[in-house]
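S.K.: Mind looking over this structure? Questions follow.
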Amino acid sequence: MTAHFQQRGDVAVLVPAAGAGLRLGPGAPKALRPLGGVPLLVHAVRRLAAASSVAVIVVAAPPADVDDVRDLLIPATAGLPLIVVPGGAHRQASVAAALTAVPAGPQIVLVHDAARALTPPDLVDSVAAAVRAGADAVIPVLPVVDTIKSVDADETVLATVDRSTLRAVQTPQGFRRDVLVAAHADAVDPHTDDAGLVEKIGVPVLCVPGSERALKITRPFDLVIAEHLLATEPATRTLPS
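As structure tokens, this is what we get:
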């Protein structure tokens, strides 16, 4: 499939969206669960398309739903090039499939969770800007505000962890394209996130401020929070329909 670029953006965004999302309970794949009557994936893609840095979006969908997902997302991209490929058996395989489908051109690649459906476009642009400024790998983070304990196998507390050195990681995670390609070529652990893969090949990862709105919608209670955030989203934000 050939993608033709509009004269905007220099970033490809990969969205692995083939997972079942069992923690949300039985039903459709997690990325296709509704939030305010609209699938999470559509919310996520709308916000990616509204980011000025984005040139193309590549979605890894459930293999049986590729055509339906493409039809679902085309109105959400505002004319931005969209590629939909079959996802893999686990997240890493889906990211690798999407990465292979990125056309020649973009040398900055972001990887974004569809479950972070309300991520602001400004955060997408912020991560891309940090890579553009010279970072090999960038992750958006938030400070850890809860007290954290390390425990043993019997749930007995071993120590209180110094949370000042801890960060909660969000997406999109951003990379130089060649760095992400190298990390996936070297990958052996399907459960490691993309920044973790990059760490394993010795590439430093830079942290930038994240957003409270970029919460990951994993459990039914997360949907309740997301519904409230959606209802209070700034009216001035223009998103594709």
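Read in order, the letters of the sequence shown correspond to residues 1 to 241 in the numbering used here.
Ideal Cβ positions, reconstructed from N, Cα and C, are used throughout, including at glycine.
Every value quoted in this text rests on a predicted model; they were computed, and no experiment measured them.
(1) Would DSSP call Gly196 helix, strand or coil?
(2) How would you call Gly19, buried or exposed, if buried means at least 16 neighbouring beta carbons within 10 angstroms?
(3) Look at the alpha carbon of Leu14 and the alpha carbon of Ala61, and state the distance between them as a whole number of angstroms.
(4) Rounded to a whole number of angstroms, what is the C-alpha to C-alpha distance between Val11 and Thr156?
(5) For Ala115 versus Ile225, is the C-beta spacing smaller than 8 Å?
(6) Identify the residues that DSSP records as bridge partners of Pro190: which are they?
(7) For Ser150, is the classification buried or exposed, using 16 other Cβ atoms within 10 angstroms of its Cβ as the cut-off for buried?
(8) Counting only the same chain and skipping the five closest in sequence on each side, list residues whose C-beta sits under 7 Å from that of His43.
(9) Given this structure, state the Cα-to-Cα distance separating Ala104 from His228, to the nearest angstrom.
(10) In the DSSP output, which residue or residues are listed as bridge partners for Ser150?
(11) Which residue comes first and which comes last in the alpha helix (DSSP H) that contains Ile225?
(12) Determine the closest residue to Val141 out of Thr165, Pro86, Arg219 and Ala98, with distance taken between C-alpha atoms.
(13) Ignoring anything shorter than 4 residues, give me the alpha helix (DSSP H) runs that lie fully in the stretch 73–151, in order along the chain.
(14) Considering only the alpha carbon of each residue, which of Ala55, Pro29, Gly37 and Gln170 lies closest to Asp68?
(15) Taking only the alpha-carbon atoms, compute the straight-line gap between Gln107 and Arg176 and give it to the nearest angstrom.
(16) Which residues in the same chain as Ala138 place their Cβ atom closer than 8 Å to its Cβ, once the five residues preceding and following it in sequence are excluded?
(17) Nearest to Asp178 by alpha carbon, out of Ala168, Val203, Ala89 and Val169?
(18) According to DSSP, which residues form a beta bridge with Ala168?
(19) For the putative contact between Leu48 and His112, defined by C-beta atoms under 8 Å, what is the C-beta separation to the nearest angstrom?
(20) By Cβ distance below 6 Å, which residues in the same chain neighbour Leu22 in space, the five residues on each side in sequence not counted?
(21) Three-state secondary structure (DSSP) at Val205?
(22) Note down the Cα distance separating Ala55 from Leu80, rounded to an integer number of angstroms.
(23) Excluding five sequence neighbours on each side, which residues of the same chain lie with their C-beta closer than 7 Å to the C-beta of Glu199?
(24) Spell out the partners DSSP gives Arg176 in its beta bridges.
M.R.: Reading off the structure:
(1) helix
(2) buried
(3) 11 Å
(4) 46 Å
(5) no
(6) BP columns for Pro190 are empty, so no partner.
(7) exposed
(8) Leu35, Ala117 and Leu118
(9) 40 Å
(10) Ala159
(11) Pro220 to Ala231
(12) Thr165
(13) 91–100 and 121–132
(14) Pro29
(15) 6 Å
(16) In the sequence under discussion, the amino acid at residue 138 is Val, which differs from the Ala named in the question. Once the five neighbours on either side are set aside, the close Cβ partners of Val138 are Val127, Ala130, Val131, Gln173, Gly174, Phe175, Val205, Leu206, Cys207 and Val208.
(17) Val203
(18) Leu142
(19) 7 Å
(20) Caution applies to Leu22, whose pLDDT of 49 falls short of 50 and renders its modelled position unreliable; the value that the coordinates give is listed next. There are no such residues.
(21) coil
(22) 7 Å
(23) Val205
(24) Ile108
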